[in-house]
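**Student:**
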Amino acid sequence: MAHILHFYGFYISQMSPPNMVRVRHFEFLFRSHGIEPTEERFRVFYQLIRNMGFYSFGNRGSAKKIILNPPKSFHDWKQKFFFIREEVIPIAMIFHESVTIEKGELPIPKGSDWYLKLTAIPN
Numbered sequence: 013m014a015h016i017l018h019f020y021g022f023y024i025s026q027m028s029p030p031n032m033v034r035v036r037h038f039e040f041l042f043r044s045h046g047i048e049p050t051e052e053r054f055r056v057f058y059q060l061i062r063n064m065g066f067y068s069f070g071n072r073g074s075a076k077k078i079i080l081n082p083p084k085s086f087h088d089w090k091q092k093f094f095f096i097r098e099e100v101i102p103i104a105m106i107f108h109e110s111v112t113i114e115k116g117e118l119p120i121p122k123g124s125d126w127y128l129k130l131t132a133i134p135n
């Protein structure tokens, strides 16, 4: 997860819990198939969306769906919000209020072995 956040240049605290689930699900799915979960592969399935200083990931329309029924919300998550000390994160992250978001479509590697292995899994 840290490599994906580092690629986009924002902190985990700028993501809502449902979007953290998307990133973690991606990582678990790939590792369960013996595939390295890289930010390049993550970008095949998701695109970054920024709204009021917070970030989320939306599905790329042309890629296969790898999570079924993603959570829409976690009730009362803000009441349970806590801070994570910087020393715990293994890479340096800088808080960004504005990030350039590339909207360009990435090529979908439909013929790649790793892409063909993946199937949607309920959350």
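When the letters of the sequence shown are read in order and numbered with this note's numbering, they come out as residues 13 to 135. Heads up, the beta-carbon is just placed ideally off N, CA and C, and yes, glycines get one too.
Spell out the partners DSSP gives residue 69 in its beta bridges.
**Tutor:** In the DSSP output, where bridge partners are listed per residue, residue 69 has 60.
**Student:** Quick check on residue 17: buried or exposed, where buried means 16 or more other Cβ atoms within 10 Å of its Cβ?
**Tutor:** Buried is the call here.
**Student:** Mind reading off the beta-carbon distance from residue 56 to residue 75? Whole number of angstroms is fine, and I expect it under 8 angstroms.
**Tutor:** Residue 56 to residue 75, Cβ: 5 angstroms. Contact.
**Student:** In whole angstroms, what is the alpha-carbon distance linking residue 20 and residue 61?
**Tutor:** Taking the straight line joining both Cα atoms gives about 11 angstroms.
**Student:** Check each candidate in 14, 72, 31, 24 and name the one with the smallest Cα separation from residue 86.
**Tutor:** Taking only the C-alpha atoms, the option nearest residue 86 is 31.
**Student:** So what does DSSP say about residue 27, is it helix, strand or coil?
**Tutor:** Correct three-state label for residue 27: strand.
**Student:** Can you say whether residue 96 is buried or exposed, counting buried as having 16 or more other CB atoms within 10 angstroms of its CB?
**Tutor:** Residue 96 is exposed by the Cβ-count criterion.
**Student:** Within 10 angstroms of the Cβ of residue 91, are there 16 or more other Cβ atoms? Answer buried if so, exposed if not.
**Tutor:** Under this definition residue 91 is an exposed residue.
**Student:** Specify whether the stretch 35-51 and the stretch 115-129 touch according to this definition: at least 3 beta carbon pairs, one from each stretch, less than 8 angstroms apart.
**Tutor:** They touch, by the three-pair rule.
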